[in-house]
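J.: Numbering (my numbering), first residue to last: 16 to 352.
Ideal Cβ positions, reconstructed from N, Cα and C, are used throughout, including at glycine.
Following this message is one structure expressed as structure tokens.
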Amino acid sequence: MQTKILTQTDLKIAAEILENGGLVSIPTETVYGLAANALDGEAVKKIFEAKGRPSDNPLIVHISNIKMLNQLVKEIPENARKLISEFWPGPLTVILPAKSIVPREVSAGLSTVAIRMPNHPVAIDLIDKCGFPLAAPSANLSGSPSPTSSKHVVDDLDGKIDAIIDGGKCSVGLESTVITFTTKTPRILRPGGITKDQISSVIGEVEIDPAVLEGISIGDKVESPGMKYKHYSPRSKLVLLKGSCDSYVKHINGLRGKNNMALCFDEDKENLNVKAISYGSVSDYRAQAATLFDALRKLDSYSPDVIYAHCPEPIGVGMAVYNRLIRAAGFEVIEVE
Ligand code: TXA
Ligand code: MG
16 MQTKILTQTD LKIAAEILEN GGLVSIPTET VYGLAANALD GEAVKKIFEA
66 KGRPSDNPLI VHISNIKMLN QLVKEIPENA RKLISEFWPG PLTVILPAKS
116 IVPREVSAGL STVAIRMPNH PVAIDLIDKC GFPLAAPSAN LSGSPSPTSS
166 KHVVDDLDGK IDAIIDGGKC SVGLESTVIT FTTKTPRILR PGGITKDQIS
216 SVIGEVEIDP AVLEGISIGD KVESPGMKYK HYSPRSKLVL LKGSCDSYVK
266 HINGLRGKNN MALCFDEDKE NLNVKAISYG SVSDYRAQAA TLFDALRKLD
316 SYSPDVIYAH CPEPIGVGMA VYNRLIRAAG FEVIEVE
């Protein structure tokens with residue numbers, strides 16, 4: 016299959032492909048999505064094939080207006096309503112009980128569906144043009160870092176999907192916050208661009224699923240199937256080092272023999288004696304989020320033996336950055352102080 020590269024002015028072509036059951040990668044403010052008509056189970060199946068995604072991992076449905084939300088879900092709890100009116104359009108996904116119109120392929124057989132309204136003019140215009148919601152996971156090969164530019168999508172999916180809309184770089188740079196209302200207290204299943212503090216300032220109590228910060232064991236019950244899978248991983252081994260800039264640099268400079276590289280902070284970079292790519296300043300969590308996946312992909316392209324990443328602070332959006340990195344590192348953090 017020849018993958019067409021479309022511009023933001025080609026949305027009519029993209030809408031036609033989607034109407035005919037095809038796949039189009041779309042820019043959003045978080046990461047690029049791989050979209051299909053969310054109401055067409057056969058079209059949605061192709062997403063799983065193109066990505067190599069396990070079929071028990073459900074997809075997020077993207078909408079452009081609240082009428083679409085009412086079409087898809089049975090009920091909207093008061094707290095969900097409050098968050099929606101505060102943070103949509105934006106990087107927040109809500110899990111709600113699904114109506115039967117949602118195909119089994121989208122919800123992977125669960126009784127719930129994940130929904131968000133993206134804050135990106137191209138995504139919103141396209142959904143409006145289609146007139147139906149778009150199911151879209153991140154547009155990467157399953158397991159690899161999510162794409163934050165159209166080049167990343169080409170690298171992973173060229174020849175496997177109908178088209179890619181080039182919408183430049185994604186501003187948030189990592190995936191949306193996923194929150195479920197099926198638990199007694201609303202629970203964050205995946206941290207993202209909207210922080211826990213932002214959420215509790217609107218609805219009060221909110222909890223973070225334990226699987227966000229710790230690994231899960233085989234057989235554990237999980238709230239979100241995505242938690243079971245290794246994610247965001249470069250092909251190279253990634254080791255996460257926790258400590259001050261001085262200790263991090265000293266540790267890496269003392270390593271011998273291997274083709275080591277560093278995923279570091281701006282403050283570390285010039286003192287390191289291995290190839291290093293910075294993912295932002297040590298306390299600039301938004302910059303770290305926006306740069307992380309691109310930096311991981313760049314480092315991976317050099318095929319190092321080990322990538323030594325400087326562990327971020329799990330504060331604010333840094334919680335999401337930390338979550339992606341500990342998953343990439345298999346939940347192992349080495350203290351170097
Ligand atoms: O920012 C984003 O959320 C991006 C852009 C494209 O919108 N999308 C994205 O989709 O990250 P994906 O498929 O890579 O991640 C969706 C996550 C998975 O961990 C999945 O298990 C979880 O949401 N999920 C989806 N539906 C669910 C449901 N009904 N219950 C629990 N978890 C669900
Ligand atoms: Mg993904």
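1. By Cβ distance below 8 Å, which residues in the same chain neighbour V59 in space, the five residues on each side in sequence not counted?
2. Taking the straight line between their C-alpha atoms, what separation do you get for L111 and V193?
3. Assess, as a yes-or-no matter, whether the stretch 37 to 48 is touched by the stretch 126 to 139 under the definition of 3 or more beta carbon pairs within less than 8 Å.
4. In the DSSP assignment, find the unbroken alpha helix (DSSP H) run with M334 in it and report its ends.
5. Enumerate, from N- to C-terminal direction, the unbroken beta strand (DSSP E) stretches of 3 or more residues contained entirely within the stretch 233 to 280.
6. Between which residues of its own chain and E350 is the CB-CB distance below 7 Å, once the five residues before and five after are set aside?
7. Should G124 be counted as a contact of the ligand TXA given a C-beta to heavy atom distance under 7 Å?
8. According to DSSP, which residues form a beta bridge with H167?
9. Taking Cβ to Cβ, would you say P206 is nearer than 8 Å to A123?
10. Express the C-alpha separation of A304 and S211 in angstroms, rounding to a whole number.
11. Are there any heavy atoms of the ligand MG lying less than 7 Å away from the beta-carbon of P152, as far as the coordinates show?
12. For E347, does the three-state DSSP call read helix, strand or coil?
13. Starting from G56, follow the alpha helix (DSSP H) in both directions and report where the run begins and ends.
14. Within a Cβ cutoff of 8 Å, which residues of the same chain sit near K252, ignoring the five residues on either side of it in sequence?
15. Return the bridge partner residues of G37 from the DSSP annotation.
16. For I116, which residues of its own chain have a beta-carbon under 8 Å away from its beta-carbon, when the five flanking residues on both sides are left out?
17. Would you list the residues sitting across from Y323 in a DSSP beta bridge?
18. Output the distance between the C-alpha atoms of S248 and S157, rounded to the nearest integer angstrom.
19. Could I get the ranges of all uninterrupted beta strand (DSSP E) runs contained in the stretch 83 to 158, with 3 residues as the minimum, in chain order?
20. Secondary structure at V306, three-state DSSP: helix, strand or coil?
21. Which stretch, first to last residue, makes up the beta strand (DSSP E) that contains V193?
22. K166 to L172, Cα distance in whole Å?
23. Can we say the stretch 92 to 112 touches the stretch 177 to 186, given the rule of at least three CB pairs closer than 8 Å?
24. If you drop the 5 nearest sequence neighbours on each side, which residues of the same chain put their C-beta closer than 7 Å to that of N268?
25. For S159, is the classification buried or exposed, using 16 other Cβ atoms within 10 angstroms of its Cβ as the cut-off for buried?
26. Cβ of V264 within 8 Å of Cβ of D283?
27. With a cut-off of 8 Å on the beta carbons, I'd call Y294 and V332 a contact; round off their distance for me.
28. Return yes when the C-beta of V46 is under 7 Å from any heavy atom of the ligand TXA, and no when it is not.
29. With the cut-off set at 8 Å, would you say T18 and I176 are in Cβ contact?
T.: According to the structure shown:
1. A51, N52, A53, L74, P118, E120, V121, A150
2. 11 Å
3. yes
4. 333 to 343
5. Entirely contained in the stretch 233 to 280, the beta strand (DSSP E) runs reaching 3 residues are, in chain order, 252 to 257, 275 to 279.
6. K257, G258
7. Answer for G124: no, Cβ out of range of the ligand TXA.
8. Answer is none; H167 lacks a bridge partner.
9. no
10. Looking at the sequence shown, residue 211 is not Ser but Lys. Rounded to the nearest angstrom, the two C-alpha atoms are 15 Å apart.
11. Inclusion of P152 in the 7 Å shell around the ligand MG follows from its C-beta lying nearer than that to a non-hydrogen atom of the ligand.
12. coil
13. 56 to 66
14. D320, V321, I322
15. Beta-bridge pairing links G37 to no other residue.
16. L54, Q86, L87
17. Per DSSP, the beta bridge partners of Y323 are V254, A277.
18. 10 Å
19. 107 to 112, 127 to 131, all fully within the stretch 83 to 158.
20. The identity of residue 306 in the sequence shown is Thr, whereas the question assumes Val. T306: helix per DSSP, three-state reduction.
21. 192 to 195
22. 10 Å
23. no
24. Answer for N268: L287, N288, listed in chain order.
25. buried
26. yes
27. 13 Å between Cβ atoms; not a contact.
28. yes
29. yes
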